[in-house]
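Inspection log for the structure reproduced underneath, given as structure tokens.
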Amino acid sequence: MDISIIGSGFVGLITALGFALKGHHVVCIDIDRSKVDMINRGCPPFFQQELEDALSGQVNGGGNLRASTNYDELLHSDMTFVCVNTSSDSGVNADSHPIETSSRTIGETLRRKPGYHLVAIKSSVTPGTTEHLVIPTLQKYSGKRAGEDLGIAVTPEFLQEGCSLHGLLNPDRIIIGQHDMASGDFVQHAYNGSQSPILRTDLKTAEMIKFASNAFLATKISFINEIGNLCKKLGIDTYEVAHGMGYDPRIGRLFLNAGIGFGGSCLPRDLDALIRKSEEMGEPSTVLNAVCQTNKAQVERMIQASKRIMGGLNGKAIAVLGLAFKPDTDDIRNAPSLQVIRQLLAHGARVVVYDPKAMPKLHEEVHEGISFADSAAQAIQQSDCVLIVTEWPEFKDEDLYSGKIVIDGRRALNPEKARGVCSHYEGVCW
Ligand code: UGA
125 MDISIIGSGF
135 VGLITALGFA
145 LKGHHVVCID
155 IDRSKVDMIN
165 RGCPPFFQQE
175 LEDALSGQVN
185 GGGNLRASTN
195 YDELLHSDMT
205 FVCVNTSSDS
215 GVNADSHPIE
225 TSSRTIGETL
235 RRKPGYHLVA
245 IKSSVTPGTT
255 EHLVIPTLQK
265 YSGKRAGEDL
275 GIAVTPEFLQ
285 EGCSLHGLLN
295 PDRIIIGQHD
305 MASGDFVQHA
315 YNGSQSPILR
325 TDLKTAEMIK
335 FASNAFLATK
345 ISFINEIGNL
355 CKKLGIDTYE
365 VAHGMGYDPR
375 IGRLFLNAGI
385 GFGGSCLPRD
395 LDALIRKSEE
405 MGEPSTVLNA
415 VCQTNKAQVE
425 RMIQASKRIM
435 GGLNGKAIAV
445 LGLAFKPDTD
455 DIRNAPSLQV
465 IRQLLAHGAR
475 VVVYDPKAMP
485 KLHEEVHEGI
495 SFADSAAQAI
505 QQSDCVLIVT
515 EWPEFKDEDL
525 YSGKIVIDGR
535 RALNPEKARG
545 VCSHYEGVCW
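Each residue of the sequence shown is one higher than the one before, counting from 125 in our numbering.
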């Protein structure tokens, strides 16, 4: 099939790569010329080693993928996946505006395409968005009718940033929300050959599956963080507790790593959007509001611990190890590190940061009052106290921290070993 993808962020690019690897001809369309040029050179606009290799294989001679800034490219495709970013400027609120703009442009372009075309929404959108915003906009500007010459589907993405190629080609499940049977069949055809379970639903159910999944993952994390906060006071190892709980298949061990809490562009955004949607519908969520509250408080716990141990932070040199919201990415959107840095600066601390991949991203955001180290060892050496905020493998050597005060937000270090080496070691939840 010929597939066009609107938006070349993480979701757009991995969708494009997944379909290209299946043998479809894929064109990524993005208004950002620099992104398009990078993709055509085989460089993803974000860091991800394994995908980088696969991408260069697909864009170079004989590959199935290319990128363009020209929306007219979609006229030569059978179907279009919409993968635009739905975050607002603050990066927190699921904002449907980019969906509206792209639906309009797709519609205007499709007016010049005779015959059937399918549009599938892959961006995370609140339940009802496709029905109440995307379809009317597409119909208005294209002159086509949903269910007749316009196919409509919602097929959310569940991959994690930093996912492996194996994960990309073998997702846990494929959800296809369909406007009508023909639309669902068309999308399923594009996924042909996949061994993953496929669930066909209506449009708003597919939208809700994505939001509920991310909200549940966030809930698991805040739950274990609360248990962890209690365990710390009781002298119980929360990681052993998680290990014991995880044997129960109804619970599972994944997403029970206690610490400084979740960040990124997705969990906070989807949680926030679901909270707003439940309020709008007169069903305010007690659980989800508490999940947010607990998450915010974890950062505060790290700051309070450093204040307590250092006898105040004013004038103290604090190293922040890790800026990315998790390892194996250079993404700092809603990363706990940003909150940590802001709070440290507000308390008058001098902040020295190090991250193996995300330093250029912080340069773009905030830099006043922050110094950038060349290595973890240098950051540690220049500081009175070290805060571990992202569990990059290179931070996991206890000997790096000899004689230092360390607060670990991610269980990067083995507590027993670290206590033997550091002048003081404690975790956010242990
Ligand atoms: C998340 C979901 O996991 C994906 O399924 C979904 O497709 C994606 O959002 C999306 O909506 O596009 P991602 O944002 O890549 O994926 O990040 P996660 O791996 O879920 O991690 C989120 C945050 O939770 C990170 O800051 C991580 O450090 C934190 N975390 C994760 C914990 O604090 N504890 C854990 O046990 C697990």
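Ideal Cβ placement from N, Cα and C applies to all residues, glycine included.
Thinking just about the alpha-carbon of each residue, which of the options is nearest to the one in residue i?
i	options	result
Gln463	Leu447, Tyr478, Gly352 and Asp452	Leu447
Ser307	Glu285, Phe134, Pro260 and Ile245	Ile245
Arg269	Gln284, Asp296 and Arg235	Arg235
His471	Met434, Gly359, Arg457 and Gln502	Met434
Gly275	Cys287, Thr254 and Asn294	Thr254
Cys152	Gly181, Gly186, Gly185 and Cys207	Cys207
Cys509	Gly493, Val477 and Glu518	Val477
Gly131	Val183, Tyr195, His149 and Gly185	Tyr195
His290	Lys328, Ala178 and Gly533	Ala178
Gly286	Tyr265, Pro168 and Lys401	Pro168
Ala382	Ala342, Met405, Arg393 and Arg297	Ala342
Ser526	Gln505, Pro260, Arg534 and Asp455	Gln505
Ile529	Arg324, Val249 and Ala441	Ala441
Pro484	Ala497, Arg400 and Val311	Ala497
Leu430	Val475, Asn413, Asn209 and Met203	The sequence as given places Ser at residue 430; Leu does not occur at that position. When each option's Cα is compared against that of Ser430, the closest is Val475.
Thr453	Asp273, Asp296, Pro222 and Gln284	Gln284
Thr204	Gly185, Val183 and Thr229	Thr229
Heavy atom of ligand 1 less than 7 Å from the Cβ of residue i, yes or no?
i	result
Gly560	Past the boundaries of the shown model lies residue 560; the chain is included only from 125 to 554, so the question cannot be answered.
Leu380	yes
Cys416	no
Gly446	no
Asn113	With the chain running from 125 to 554 in the structure shown, residue 113 is simply not present.
Asp394	yes
Thr247	Checking the sequence, you will find Ser at residue 247 rather than Thr. Ser247: no, Cβ never under 7 Å from ligand 1.
Val135	yes
Gln284	yes
Phe449	yes
Gly376	no
Ile465	no
Ile531	no
Glu281	yes
Asn338	yes
Cys390	yes
Leu469	no
Ile345	yes
Gly383	yes
Leu412	no
With which residues is residue i paired in a DSSP beta bridge?
i	result
Phe282	Beta-bridge pairing links Phe282 to no other residue.
Cys390	Its beta-bridge partners do not exist; DSSP assigns none.
Arg474	Ala441
Tyr549	Val530
Phe205	Ile129 and Ala244
Ile345	Answer is none; Ile345 lacks a bridge partner.
Leu323	Ile299
Ala277	Ala244 and Gln302
If I follow the unbroken beta strand (DSSP E) through residue i, where does it start and stop?
i	result
Glu174	Premise fails: Glu174 lies in the alpha helix (DSSP H), Gln173 to Val183, not in any beta strand (DSSP E).
Ser248	Where Ser248 is concerned, there is no enclosing beta strand (DSSP E), given that its DSSP letter is neither H nor E.
Val510	Cys509 to Ile512
Ser288	Premise fails: Ser288 is in no beta strand (DSSP E) and is neither H nor E.
Ile230	Unbroken run through Ile230 is the alpha helix (DSSP H), His221 to Leu234; no beta strand (DSSP E).
Would you call the CB atoms of residue i and residue j closer than 8 Å?
i	j	result
Ile138	Leu292	yes
Ile333	Ile299	yes
Pro251	Glu197	no
Cys355	Trp554	yes
Met426	Ile531	yes
Gly368	Gly376	no
Ile348	Ala366	yes
Gly388	Arg457	yes
Val150	Ser192	no
Leu468	Leu437	yes
His303	Gly271	yes
Leu257	Glu224	yes
Asp394	Ser247	no
Asn338	Ser320	no
Gln428	Val552	no
Phe519	Ala542	no
Under DSSP, the alpha helix (DSSP H) around residue i begins and ends at which residues?
i	result
Met426	Thr410 to Met434
Ala270	No alpha helix (DSSP H) holds Ala270; DSSP gives it neither H nor E.
Phe496	From DSSP, Phe496 is part of no alpha helix (DSSP H) but of the beta strand (DSSP E) over Ile494 to Phe496.
Arg190	From DSSP, Arg190 is part of no alpha helix (DSSP H) but of the beta strand (DSSP E) over Leu189 to Ser192.
His149	Segment His149 to Ile153 is the beta strand (DSSP E) holding His149; no alpha helix (DSSP H) there.
Lys485	Met483 to Glu489
Phe143	Phe134 to Leu145
Tyr525	First-last for Tyr525: undefined, no H or E at that position.
Ser158	Arg157 to Asn164
Gly370	Thr362 to Gly370
Ala501	Ala500 to Gln505
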